[in-house]
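Asker: Take a look at this one; I'll ask things after.
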Amino acid sequence: MTDIDQSPRAANLAPSAPAHAGELSPYEIAQHYFQVAADRLELADDVRAVVGSAYREVQVQIPVRRADGRIHVYSGYRVQHNGARGPYKGGIRYHHEVDLDEVRSLAALMTWKTAIVDIPFGGAKGGVNVPAGECTQDELQQITRSFIDKISKVLGPTRDIPAPDVNTNAQTMAWMMDEYGKLNGYTPAIVTGKPISLGGSLGREAATGRGVIMCFSEALESLKLTPEDTRVVVQGFGNVGSWAARIVQDMGARIVGVSDAFGAVQSEAGIDAHALHAHLAEGGKLVEFPGVDTITPDELLGLECELLIPAALGGLIHAGNADTIQARVLIEGANGPTTPAADAILHDKGVFVVPDVLANAGGVVVSYFEWVQNLQHFRWSEADVNERLGTIMSRAYQEVAARASSDAVPLRTAAFEVGIERVVAAARTRGYI
């Protein structure tokens with residue numbers, strides 16, 4: 003296990019947006035948004051250095067003998083960004099493009115996200131640069147157990163609590179919980195997003211997508227929209243996108259475009275999100291779903307609609323395609339889907355953007371609920387979970403919207419201001435600054 007010394011770089015990054023997406027790395031994008039808000043808050047450079055850079059960065063080697071008989075070596079990362087407000091919290095993703103820069107950026111976003119929704123966690127993130135889709139279940143289990151073995155000393159239910167992310171799920175969390183338990187005894191609160199049978203929370207699977215649509219519901223009145231008048235395009239039909247699509251459809255909206263990793267489709271008459279989810283769950287392909295027309299991913303973004311939900315990977319909305327977007331509202335279900343250059347274009351076009359640090363916080367809110375239930379050894383009903391999620395998401399949205407209105411800034415800047423203020427207050431109280 004290697005601890006990487008991370009020197010404070012936040013104060014050296016200019017807040018101006020880049021000319022195109024390739025100019026900034028994921029970490030620099032996260033720091034760009036941090037700097038914009040920090041400038042408005044007039045934070046001193048030493049305060050920025052403390053709250054703006056990671057506390058600990060861990061990198062480990064994960065050698066695995068795969069089915070081809072060869073030993074493949076993967077890199078695993080866990081970045082603990084800031085723990086002033088509570089234990090570190092954040093998902094672990096498996097993707098061949100995972101690197102330290104990406105994990106570092108996502109850990110920082112988790113710090114602000116947990117503060118924005120005001121739950122008692124800090125921010126962390128983890129990942130392994132493994133091509134998850136090419137691995138067998140046995141290989142994924144080997145990778146997972148080896149990773150947890152090597153980072154277990156920095157984890158714990160009062161220290162750092164992982165959760166699912168891209169290409170990880172409840173089964174992955176079960177392996178993590180079991181491996182940690184072999185080393186430390188039965189500890190269900192070590193991870194969240196677990197199977198219900200192992201202490202997972204009812205409502206957790208749908209929580210991120212549900213939170214996205216809760217933000218949409220909060221914005222309806224100010225936007226003078228109704229669900230029945232809303233055409234929806236969903237970029238990415240994984241856990242977040244599929245749940246968001248199903249929930250907003252049940253409210254009366256019409257899904258007119260969907261994409262996944264393998265293609266994109268449209269139907270002005272509407273796409274039944276429930277039927278599409280079932281079709282994909284049975285092994286069907288998106289482009290083979292009945293009653294749809296195949297389009298390109300870029301054409302998907304240009305479809306006429308009221309609501310666009312990017313729920314795929316980061317950086318897919320950039321300076322090269324942002325101007326084609328026709329949506330009135332963009333609610334970020336993915337982490338970091340919009341680059342600063344694209345954000346500026348959307349602002350100039352008058353697109354109402356609800357940022358990821360607020361919009362997709364439903365997942366970590368219900369992860370908090372799961373953690374609490376594990377510590378109490380008492381399970382809540384799904385109705386209780388959804389009601390409490392609604393209370394927290396509504397309060398957070400209204401606080402950010404009020405700040406945006408009073409300061410005459412976009413929701414993203416307002417959200418970062420709220421989150422940074424809370425982290426700085428906790429750091430000051432604890433004597434860190």
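Residues are numbered in my numbering as their position in the sequence shown, beginning at 1, plus a constant of 2.
Just so it is clear, CB atoms sit at the ideal spot from N, CA and C, and this is done for glycine as well.
Tell whether a beta-carbon distance below 8 Å holds between His83 and Asn131.
Answerer: Against a cut-off of 8 Å, the Cβ pair of Asn131 and His83 comes out as no contact.
Asker: With distances taken Cα to Cα, identify the nearest neighbour of Cys307 among Lys351, Asn337, Gly259.
Answerer: Gly259
Asker: Kindly provide the ranges of any alpha helix (DSSP H) runs that are 4 or more residues long and lie completely inside the segment 239-321, ordered along the chain.
Answerer: 241-252, 275-283, 299-303
Asker: So, helix, strand or coil for Asn84, using DSSP?
Answerer: strand
Asker: Quick check: the segment 309-323 against the segment 333-353, are at least 3 beta-carbon pairs closer than 8 Å?
Answerer: yes
Asker: Is it buried or exposed for Glu389, if we count other Cβ within 10 angstroms and need 16 for buried?
Answerer: exposed
Asker: For the alpha helix (DSSP H) holding Gly128, just list the boundary residues, first then last.
Answerer: Per DSSP, Gly128 belongs to no alpha helix (DSSP H); it is in the beta strand (DSSP E), 125-130.
Asker: Which word fits Arg67, buried or exposed, when buried means at least 16 other C-beta atoms lie within 10 angstroms of its C-beta?
Answerer: So Arg67 counts as exposed.
Asker: Can you look up Lys91 in the DSSP assignment and give me helix, strand or coil?
Answerer: Here Lys91 sits in strand by DSSP.
Asker: Quick check: Asp162 and Pro89, are their CB atoms within less than 8 Å of each other?
Answerer: Closer than 8 Å, so yes.
Asker: With DSSP run on the structure shown, which of helix, strand or coil describes Ser77?
Answerer: strand
Asker: Could you name each continuous alpha helix (DSSP H) segment of 4 residues or more that falls completely within the segment 350-420, going from the start of the chain to the end?
Answerer: 358-361, 364-378, 384-409
Asker: Between which two residues does the alpha helix (DSSP H) harbouring Val100 extend?
Answerer: First-last for Val100: undefined, no H or E at that position.
Asker: Could you give the residue range of the beta strand (DSSP E) that holds Ala165?
Answerer: First-last of the beta strand (DSSP E) with Ala165: 162-166.
Asker: Would you call Arg414 buried or exposed, if buried means 16 or more other Cβ atoms sit within 10 Å of its Cβ?
Answerer: Classification for Arg414: buried.
Asker: Following the continuous alpha helix (DSSP H) through Leu200, name the residue where it begins and the one where it ends.
Answerer: Element bounds for Leu200: n/a, residue is neither H nor E.
Asker: Can you confirm whether the segment 365-384 touches the segment 188-204 when touching is taken to mean that 3 or more C-beta pairs between the two stretches lie within less than 8 Å?
Answerer: By the C-beta criterion, the segment 188-204 is judged to be in contact with the segment 365-384, since at least 3 inter-stretch pairs fall below 8 Å.
Asker: Looking at Pro229 and Gly254, is the spacing between their C-beta atoms short of 8 Å?
Answerer: yes
Asker: So who's on the other strand from Arg58, going by DSSP bridges?
Answerer: Gln82
Asker: Assign Val236 to one of three DSSP states: helix, strand, or coil.
Answerer: strand
Asker: Roughly how many angstroms separate the alpha carbons of Ser27 and Gly304, rounded to a whole number?
Answerer: 25 Å
Asker: In three-state DSSP terms, what is Ile145?
Answerer: helix
Asker: Take His276 and list the residues in its own chain whose beta-carbon comes closer than 6 Å to its own, dropping the five residues that flank it on each side.
Answerer: Arg248
Asker: Consult DSSP for Gly187 and reduce its assignment to one of helix, strand or coil.
Answerer: coil
Asker: Apart from the five residues just before and just after Ile198, which ones in its own chain have a Cβ nearer than 8 Å to its Cβ?
Answerer: The answer, listed in chain order, is Leu204.
Asker: Using a Cβ-Cβ distance under 8 Å, would Leu102 count as near chain C?
Answerer: Going by chain labels, chain C is absent from the structure shown, which holds only one protein chain.
Asker: I'd like to confirm the pairing. Which residues does DSSP put opposite Cys63 in its beta bridges?
Answerer: In the sequence under discussion, the amino acid at residue 63 is Gln, which differs from the Cys named in the question. Answer is Ser77, bridged to Gln63.
Asker: By the three-class DSSP mapping on this structure, what secondary structure does Ala23 have?
Answerer: For Ala23, the pLDDT reaches just 39, beneath the cut-off of 50, and the residue's location in the model is therefore unreliable, although a value from the coordinates is still provided. Helix at Ala23.
Asker: Using only the alpha-carbon positions, how far apart do Tyr182 and Ile327 sit?
Answerer: 45 Å
Asker: Out of Ser77, Gly71, Val242, which one is the CA nearest neighbour of Asp438?
Answerer: Since the first and last residues shown for the chain are 3 and 435, residue 438 lies out of range.
Asker: With a Cβ-Cβ cutoff of 8 Å, do Ala39 and Glu419 count as a contact?
Answerer: yes
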